[in-house]
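A short write-up of the structure that comes next.
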Amino acid sequence: GAVVSQHPSRVICKSGTSVKIECRSLDFQATTMFWYRQFPKQSLMLMATSNEGSKATYEQGVEKDKFLINHASLTLSTLTVTSAHPEDSSFYICSARKVSYEQYFGPGTRLTVT
Amino acid sequence: QKEVEQDPGPLSVPEGAIVSLNCTYSNSAFQYFMWYRQYSRKGPELLMYTYSSGNKEDGRFTAQVDKSSKYISLFIRDSQPSDSATYLCAMTSPDSNYQLIWGAGTKLIIKP
């Protein structure tokens, strides 16, 4: 297997503030990382694909100016939720691609916007 | 019609039973088939992956792919309460740059 960490695991913020979530591949290098969002009792929804050293590719309907993604190194990608609103409250999960078809997931970050 | 169909359950079985989880799909281009296990409020954990058709066994888990029927299965033998989780199938192909296409996930409950 492979280990992916995510920090923080839980965060509560006030409406209008920004929150940064970090995703790290601990024992392998990942040129590609992914950010997902998951609502209760639903499957994962891909938000964006993050490639090291280049701009992220966002899925249709995902606001790139609201969900800022940076993939500055082969082991770190960050997701910043800007000007958060209560509707942004969700479970955010990152994954890192080890080989072409293998994705390993972080433990997730539960964001609550009050 | 979704590309990947998976019964969300819940599926409740007694401890020790053999569990069968299934997904069907419509895209014949899929080549890699994965099963993930997700505990509540945790990220998915890759259990098994299979390339093309055939069976693959790992301990109590067996993954089966039938490309002719576009049908994949995960069997769990000697099921334990700790196997209670949501099981998600996912599949991909080089054509889609290996983007994972997910099933809805099946919630499995193993009763002691």
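Residue numbers (our numbering), protein chains in the order written: chain S, 1401 to 1514; chain H, 686 to 797. From the three backbone atoms N, C-alpha and C, an ideal C-beta is built for every residue, glycine too.
**Whole-angstrom distance between H/GLN686 and S/TYR1436, CA atom to CA atom** = Position 36 of the first sequence, counted from the first residue, corresponds to residue 1436 of chain S. Position 1 of the second sequence, counted from the first residue, corresponds to residue 686 of chain H. Answer to the nearest angstrom: the Cα atoms are 22 angstroms apart.
**Item:** Proximity test, Cβ basis, 7 angstroms: H/THR735 and chain S
**Value:** Looking up residue 735 of chain H in the second sequence gives position 50. No, H/THR735 does not count as interfacial toward chain S.
**Asked** If you check the beta carbons only, do H/GLN749 and H/SER758 fall under 7 angstroms apart?
**Response** For this step, residue 749 of chain H is matched to residue 64 along the second sequence. For this step, residue 758 of chain H is matched to residue 73 along the second sequence. The answer is yes: Cβ separation under 7 angstroms.
**Request:** Would you grab the beta carbon distance between S/HIS1471 and S/MET1433 for me? Rounded to a whole angstrom, and I think it's under 8 angstroms.
**Result:** Here residue 1471 of chain S corresponds to residue number 71 of the first sequence, with the count starting at 1. Here residue 1433 of chain S corresponds to residue number 33 of the first sequence, with the count starting at 1. The pair is a contact, with the Cβ atoms about 6 angstroms apart (cut-off 8 angstroms).
**Request:** Determine the direct distance from the alpha carbon of H/TRP787 to that of H/VAL689, and round the result to whole angstroms.
**Result:** Start at 1 with the first residue of the second sequence, and residue 689 of chain H comes out as number 4. Start at 1 with the first residue of the second sequence, and residue 787 of chain H comes out as number 102. One Cα belongs to H/VAL689, the other to H/TRP787, and the distance between them is close to 6 angstroms.
**CB contact check: S/ILE1469 to chain H, cutoff 7 angstroms** = Indexing the first sequence from 1 puts residue 1469 of chain S at position 69. S/ILE1469 does not count as touching chain H.
**Message:** Does chain H have any CB closer than 7 angstroms to the CB of S/ILE1493?
**Reply:** Numbered from 1 along the first sequence, position 93 holds the residue referred to as residue 1493 of chain S. So yes, S/ILE1493 belongs to the interface.
**Any C-beta of chain S under 7 angstroms from that of H/ALA789** = What you label residue 789 of chain H is simply residue 104 of the second sequence in a count that begins at 1. Cβ-Cβ to chain S under 7 angstroms: yes for H/ALA789.
**Prompt:** Are there three or more Cβ pairs, one per stretch, closer than 8 angstroms when the region 729-739 of chain H is compared with the region 712-721 of chain H?
**Reply:** The region 729-739 of chain H vs the region 712-721 of chain H: in contact.
**Contact list for the region 723-754 of chain H against chain S, Cβ threshold 9 angstroms** = Shown in chain order are the members of the region 723-754 of chain H whose Cβ falls below 9 angstroms from a Cβ of chain S: GLN723, ARG726, LYS727, GLY728, PRO729, GLU730, LEU731, TYR734 and TYR736.
**Asked** Can you name the residues of chain H whose CB is closer than 7 angstroms to the CB of S/GLN1503?
**Response** Residue 1503 of chain S sits at position 103 when you count from the first residue of the first sequence. Within chain H, the residues near S/GLN1503 are LEU785.
**Request:** For S/PHE1439, count neighbouring Cβ atoms within 10 angstroms of its own Cβ and tell me buried if that reaches 16, exposed if not.
**Result:** Walking along the first sequence from the start, residue 1439 of chain S turns up at place 39. Classification of S/PHE1439: exposed, given that the 10 Å Cβ count is below 16.
**Request:** Just the chain H side, please: which residues come within less than 8 angstroms of S/SER1443 by C-beta, in chain order?
**Result:** The sequence position of residue 1443 of chain S within the first sequence is 43, counting from 1. LEU773, TRP787, GLY788, ALA789 and GLY790, listed in chain order.
**Message:** Assuming contact is defined by CB atoms lying nearer than 7 angstroms, are S/VAL1411 and S/ASP1427 in contact in what I supplied?
**Reply:** Translated into positions along the first sequence, residue 1411 of chain S becomes position 11. Translated into positions along the first sequence, residue 1427 of chain S becomes position 27. No, the pair does not count as a contact, with Cβ atoms beyond the cut-off.
**Asked** Helix, strand or coil: how does DSSP classify S/SER1422 here?
**Response** Residue mapping note: residue 1422 of chain S aligns to position 22 of the first sequence, counting from 1. The amino acid at residue 1422 of chain S is misidentified as Ser; the sequence shows Glu. Looking at S/GLU1422 - three-state DSSP - the assignment turns out to be strand.
**Prompt:** What is the DSSP secondary structure of S/ASP1427, reduced to helix, strand or coil?
**Reply:** Against the first sequence, residue 1427 of chain S aligns to sequence position 27. Coil at S/ASP1427, not helix or strand.
**Asked** CB S/THR1431 to CB S/GLU1452, shorter than 7 angstroms?
**Response** Within the first sequence, the letter at position 31 stands for residue 1431 of chain S. Within the first sequence, the letter at position 52 stands for residue 1452 of chain S. Yes; because the gap between Cβ atoms is below 7 angstroms, this pair is in contact.
**Proximal chain H residues relative to S/GLY1506, where beta-carbon distance stays under 8 angstroms** = Here the question's residue 1506 of chain S lines up with position 106 in the first sequence. The contacting residues are GLY728.
**Asked** Can you pull the DSSP bridge partners for H/PRO699?
**Response** Start at 1 with the first residue of the second sequence, and residue 699 of chain H comes out as number 14. Looking at the DSSP assignment, H/PRO699 forms a beta bridge with H/LYS796.
**Request:** Take S/TYR1501 as the anchor and find which of H/LYS792, H/THR791, H/ALA775 and H/ALA789 has the nearest alpha-carbon.
**Result:** Here residue 1501 of chain S refers to the residue found at position 101 of the first sequence. For the residues H/LYS792, H/THR791, H/ALA775 and H/ALA789, the minimum Cα distance to S/TYR1501 belongs to H/ALA775.
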